[in-house]
Each structure stands twice: as structure tokens, then as C-alpha cells.
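> Protein sequence lines, in the order shown, are assigned to chains A and B.
Just so you know, we're using the working numbering here: the first sequence kicks off at 1 and counts up by one.
Just so you know, we're using the working numbering here: the second sequence kicks off at 1001 and counts up by one.
Before anything else, here's the structure in question.
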Amino acid sequence: MIFYGCDIPEELTYDVERDVWIRFEGDIAVLGMTDVAQTRCGKIAAISFRPVGKKVAQGKPLATIESAKWVGPFPAPFSCEIVATNEEGFARNRLLANTEPYTAGWLVKVRPLHWEAEHGHLVTGAEAVARYQERIKALNVRCFRCVDKVEE
Amino acid sequence: MAQKIRLLYMEGVSPLRSQTVYHAVGYAMKPDTPNTIILVSPNAPYVCIGYHQDMQKEVDLDYCAQHNLPVYRREVGGGAVYLDKGQLFTQWIFHKEDLPASLEERFAFYIDPIVQTYRELGIPAEYRPINDIHVKGKKIGGTGAAQMGIAEVLVGSLMFTFDKKTMAQVLKVPSEKMRDKVFESLEAYMTTMTEQLGFTPDRAMVKDLYLQKVSAAFGGAEIVEGEWTPAEEAMAQEIDARFTSDEWLYQKGRLQQPALKIHQDVYLVEAAFKARGGLIRVIARLREGRIDDVAISGDFTLLPVFAVGALEQSLRGIAATPATLKAKIEEAYYRLNIQSPGVTPADFTTAIMNAVMAQQPA
Chain A
1 MIFYGCDIPE ELTYDVERDV WIRFEGDIAV LGMTDVAQTR CGKIAAISFR PVGKKVAQGK
61 PLATIESAKW VGPFPAPFSC EIVATNEEGF ARNRLLANTE PYTAGWLVKV RPLHWEAEHG
121 HLVTGAEAVA RYQERIKALN VRCFRCVDKV EE
Chain B
1001 MAQKIRLLYM EGVSPLRSQT VYHAVGYAMK PDTPNTIILV SPNAPYVCIG YHQDMQKEVD
1061 LDYCAQHNLP VYRREVGGGA VYLDKGQLFT QWIFHKEDLP ASLEERFAFY IDPIVQTYRE
1121 LGIPAEYRPI NDIHVKGKKI GGTGAAQMGI AEVLVGSLMF TFDKKTMAQV LKVPSEKMRD
1181 KVFESLEAYM TTMTEQLGFT PDRAMVKDLY LQKVSAAFGG AEIVEGEWTP AEEAMAQEID
1241 ARFTSDEWLY QKGRLQQPAL KIHQDVYLVE AAFKARGGLI RVIARLREGR IDDVAISGDF
1301 TLLPVFAVGA LEQSLRGIAA TPATLKAKIE EAYYRLNIQS PGVTPADFTT AIMNAVMAQQ
1361 PA
């Protein structure tokens, strides 16, 4: 679903308030920035990841993102343990989350720690699209993707 | 009813505290914490680096040690900067719902009271999107934004004076020639209240003027000077400890900045190209896609002897594209009958384009 230029894949799960998408691979969750998040952040200049093995409480940063105009956290949608990061991908091309936010631009893979207690706010499918449409209108955001690549 | 904003006025604190105070108020923010503006200045000079910079690559640490300049890493982006009491930092720590949602609008909103303050002083300042303030093409301070806990943070300064000479000294640069160019570029493209007015305006008057403008921006909000809470002070002490730890200071930098950003439209870059007849070094200042200034050196032979200067002169102001550069250089070769064994106009073009391509996109 594309709304005001923002892609909202219906098969993914979302923490809408934190602008994080989630794709489940068995008991592991792959997390990344939504199209709305990457647009609002702007071109990424650098990312520092918390280390693999680190347990991160809900809402706390899994990584810190610096763009040309802003520094802020990539927040955990639920308490989790980091099992992998996409540090290597971003080392090759730091614009991955700006160009391919839902595929190559994933940020971290995590194992949820308190899933039963902390997944009630997550949405998917038509509900996710509806919630994002409201958010996109409220934020007055129009999504766009970077077209240029960073060469090493 | 117009909202109340807490003011923390902290002139003359330690360099460390001038950075940690806004991080502390940000990270300690709770849903019932008032929106807060901190006006703070350090009692001694220091160097402050951006969140993801590599201190050892960006800062001349020997110079800083010799001149007792501490170096601190902030949790706000951007580049290394020399700071002293000539700037009054204007730090906003706000709840996100009390600021515009988009970063562009948020910067415009934050910068407007600074611009209005300068204008009332008679300085024709303008907002230069996304986050600069300019006066007739010169920058009079930059700004930054960050999220710390639940707080949205905006930082900038009222620029009374700025020590450009020391700023050029504290940066780690590849050559002394580059350092000279940094200083020249700061002279050409940065300004201050003192430069603009011919005198340094009264600090208290400027502060009051700024607060009036902020109040107006928030529809007549009451700005009440207050104290910080024990929880905020405790957080500051915790952040003081982190900011002075080697682990924090020496963490590996991830930000690749091949170009030195002077302001939103102006970058300084250095690059080299090994031609058959010798190494060509180029320091180029780029302004909005054009060559603003260029210095060419190296171990090649170029005759007549004045030809390097003439080449540099002929390239100023032209578009930084390979075709334009090569045509201009070939024209100079023809006009001046330049002889350069083993070095061609195409080699000079490549050397200059290496510098141009090193410019990091904003």
C-alpha cells in the first residue's frame, strides 16, 4: 500500500508510534525503519549498533542513527536480545535504510524477551495501513527514497 | 492559556557542564517535566566533536593538549567545533508534541527567534534551510537536533564572537596549506555579531531580546527562570562521568567526512592524483557546485612559472564538472603556452574532480 508516497507493506508488523517494522523469521524478529521513519530522518550519515548479545528494554535504543540534521535512537518495539546487526550492510552503503528500508536496509535481528506482555501495541495488515494513514496525515509527511548511492 | 517554559540560565559553567547540562535535562525528562530552554556558556574554551566523529582523525590532539583545551563528544551530529564564552548556547529540551513534527519545520521554528534577535540588533540575518543562519552569505551559527529519551532537543547559539584562528588550529588537517585554507574560508564565510556591528552587544540585553522573541514564537508563553531538579543534576553527574571516559571519547568514528563543511553551501576538500609526470595535489573550496577557490601544488613541472597561479585563477567561479574544467584548463594551456611534461589538462581535471567527488552530500 502506497499512501502519500509512503510504502506500507501489509505483510509486515509495525510499532506505529516508534516507526519500526517487524518481520518474523521463526522465533527471531527482523527490525527496520519504516518508510516514514527514513523520510523524516533524512539521509543517514552514520549508525552505531548496540552489540550482539545485548538485552535492550522496550523503548530503549537498539542503535543510534545520525543523519545530516538529527541524531536519535532506533528504539526497541519490545524488550529483546540482539542476535545480529546489519553493520556490514551499512558499512558498504550507509544509505541502505533510505533506499531499501524493508529489505536490504534492515537494522537488527532480535529475540523477544517478554513477548506476551509487550506485543499488544503491534499491528499488521489493514489495521497497520489505517493507522499509518492517520499518522502520515498527522505528521504531514510525504515519503521519498534516496536515489544516489555512496561509493566506498 | 499560553504555556510556561522553564529557563535555566547558566553563564560561566565548566566546559564539560556546558555540554552535559542539556543531555541531562533531556535524558531526565518525564511526561510532567516542563519544556525547558537552557542558555549556557562555558567559562573556558574547549573543542566539541559530533556524535559519530573519530576524535583522533578530526582533532589535533597535540595542539589541544598544549593549549589546555579539553575535547568532548556530544550526542548531537555534525563536525568538530571550537567553542568559548563568545557564544551563548541556546538549548531547547521540549516534549515532541510542543514542537512541529517535521524536522524542517522544527528547525525553522527554533531558528526564527535567533534570526529575529539578530534583526532587531540591525544584523540582516536569514534562515538558510535546513539548519543554518546566514548574514549576506556568511554563516552566523549552525544548529542541531537530537532525541534524548522522550525529549526532543535543539541546540544552537547566539554568536557574539568566534575565534576562527583557533578553530583552524584545532582541526586535524592533511597539510598546513589546508589549514590556511580552512582559516581563509572561515574568514570568508563565517561572521559574528561583533563583526557585523563593529562592537560586541551587551549580553544581558541580547539574552532578554532573545527570550522576548521565543515567548512571541510560542504565542506569548511565560518564560520563568528556574532551577534544575536533583534528578537532573544527578543525571548530569552521570553524563559528566561518561563524557570524560576514554571509552566514550575514543570510540571508533563511523562518520566519513572527506569534505570539511564550512556552511550549508560551502565545502573545503583536499585530494590528489598521481599523473605520469608527478603528483598533483588540489585543495578546492566548492560553493553551490562551483569552484569558489582552488590551490594546486605537487612535484610536477609546469612552465611558465606563473602558470599554476594563472590556472588557479582561471578556474574560480566555474561549474565543477569534468567537461567545463577540462575546457577551461585546455584554454589556459593554449593561451599561456603551458608546457607540463607527463601532466595533461585531463590529469588536472581528474585531480580536481577527485576533490569535487569527495564532497559529502549534505
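From the three backbone atoms N, C-alpha and C, an ideal C-beta is built for every residue, glycine too.
The structure displayed is predicted, hence computed values, not measured ones.
Using a C-beta to C-beta distance shorter than 9 Å, which residues of chain A count as neighbours of TYR1051/B?
ALA46, SER48, THR64, GLU66 and VAL71, listed in chain order.
> Which whole-angstrom value is the C-beta distance of ILE1049/B and ILE1223/B, which I expect to be below 8 Å?
31 Å between Cβ atoms; not a contact.
> Classify HIS1023/B as helix, strand or coil using the three-state DSSP reduction.
Three-state result, HIS1023/B: helix.
> Could you check which residue in GLU66/A, ALA84/A and VAL71/A has the C-alpha nearest to that of ARG94/A?
Per the Cα distances, GLU66/A.
> Rounded to a whole number of angstroms, what is the C-alpha to C-alpha distance between ARG1017/B and CYS1064/B?
ARG1017/B and CYS1064/B: Cα-Cα distance of roughly 19 Å.
> Can you give me, in chain order, the residues of the region 1133 to 1151 of chain B that have a beta carbon less than 7 Å from any beta carbon in chain A?
Cβ contacts with chain A come from ALA1145, ALA1146 and GLN1147.
> Give the straight-line distance between the Cα atoms of HIS1095/B and PHE1109/B, rounded to the nearest whole angstrom.
Cα to Cα, the separation comes out at about 14 Å.
> Establish whether the CB of ILE1130/B and some CB of chain A are separated by less than 8 Å.
Yes, contact with chain A.
> Once you ignore the five residues that flank THR1191/B on each side, which residues in its own chain have a CB closer than 6 Å to its CB?
Once the five neighbours on either side are set aside, the close Cβ partners of THR1191/B are VAL1135, LYS1138 and ILE1140.
> Taking CYS80/A as part of the beta strand (DSSP E), name the residues at either end of that continuous run.
Where CYS80/A is concerned, the enclosing beta strand (DSSP E) stretches over 80 to 85.
> Can you pull the DSSP bridge partners for CYS1048/B?
Answer is TYR1072/B and VAL1081/B.
> For GLY1079/B versus GLN1257/B, is the C-beta distance shorter than 8 Å?
Yes, the Cβ-Cβ distance between GLY1079/B and GLN1257/B is below 8 Å.
> Starting from the beta carbon of VAL141/A, find every residue of chain B whose beta carbon is closer than 9 Å, and list them in chain order.
Per Cβ cutoff of 9 Å: ALA1101 and SER1102.
> If you reduce the DSSP assignment to three classes, tell me which class THR34/A lands in.
Here THR34/A sits in coil by DSSP.
> Could you spell out the range, first to last residue, of the beta strand (DSSP E) harbouring GLU1232/B?
First-last for GLU1232/B: 1230 to 1243, but that is the alpha helix (DSSP H), not the beta strand (DSSP E).
> Output yes if chain B places a C-beta closer than 8 Å to the C-beta of ARG40/A; else output no.
Interface residue, yes.
> Quick check: what's the CA-CA separation for LYS1164/B versus VAL108/A?
If I take the Cα positions, the gap works out to 42 Å.
> Measuring CA to CA, which of GLU10/A, ASP27/A and ASP15/A is closest to LEU113/A?
Considering only alpha carbons, the answer is ASP27/A.
> Quick one: does LEU1255/B have its CB under 8 Å from some CB of chain A?
Yes, because at least one Cβ of chain A sits closer than 8 Å to the Cβ of LEU1255/B.
> Checking the sheet assignment: what are the DSSP bridge partners for GLY72/A?
For GLY72/A, which the question treats as bridged, DSSP gives the partners ILE65/A.
> In chain A, what lies closer than 9 Å to GLY1077/B by C-beta?
What GLY1077/B touches in chain A: ALA45, ALA46, GLU66, SER67, ALA68, LYS69, TRP70 and VAL71.
> Mapping the DSSP letters down to three states, classify PHE1348/B as helix, strand or coil.
Three-state result, PHE1348/B: helix.
> Just grab the DSSP bridge partners of PRO112/A for me.
Answer by DSSP bridge pairing, in chain order: CYS80/A.
> Which term fits LYS43/A, buried or exposed, when burial requires 16 or more other beta carbons within 10 angstroms of its beta carbon?
Buried is the call here.
> Please decide whether GLY53/A counts as near chain B, where near means a Cβ-Cβ distance under 8 Å.
Cβ-Cβ to chain B under 8 Å: no for GLY53/A.
> Who are the near neighbours of VAL1266/B in its chain, counting only those whose CB is closer than 6 Å to its CB and skipping five residues on each side?
Answer for VAL1266/B: TYR1189 and ARG1287, listed in chain order.
> For a minimum of 4 consecutive residues, which ranges assigned as the alpha helix (DSSP H) are wholly contained in the region 1120 to 1198 of chain B?
Here the runs fully enclosed are 1164 to 1170, 1176 to 1189 and 1193 to 1197.
> When you compare the CB positions of ALA1307/B and LYS1326/B, do they come within less than 8 Å of one another, or not?
Cβ atoms of ALA1307/B and LYS1326/B: not closer than 8 Å.
> Apart from the five residues just before and just after GLU1097/B, which ones in its own chain have a Cβ nearer than 7 Å to its Cβ?
Excluding residues within five positions, none has a Cβ falling inside 7 Å.
> Would you identify the three-state DSSP class for SER1014/B, choosing helix, strand or coil?
Of the three classes helix, strand and coil, the one that applies to SER1014/B here is coil, per DSSP.
> Assuming VAL141/A contacts TYR14/A (C-beta within less than 8 Å), just tell me the rounded distance between them.
Rounded, the Cβ-Cβ distance is 15 Å, inconsistent with contact.
> Assuming LEU1088/B contacts SER1041/B (C-beta within less than 8 Å), just tell me the rounded distance between them.
With a Cβ gap of about 5 Å, LEU1088/B and SER1041/B count as contacting.
> Let me confirm a value: ARG135/A is counted as buried when at least 16 other C-beta atoms fall within 10 Å, else exposed. Which label applies?
Buried, because 16 or more other Cβ atoms sit within 10 Å of the Cβ of ARG135/A.
> Taking VAL36/A and CYS143/A to be in contact with their CB atoms under 8 Å, please state how far apart those CB atoms are, rounded to whole angstroms.
At roughly 6 Å, the Cβ-Cβ gap stays under 8 Å, so VAL36/A and CYS143/A are in contact.
> Which one or two residues does DSSP pair with TRP21/A in a beta bridge?
TYR14/A and GLY32/A.
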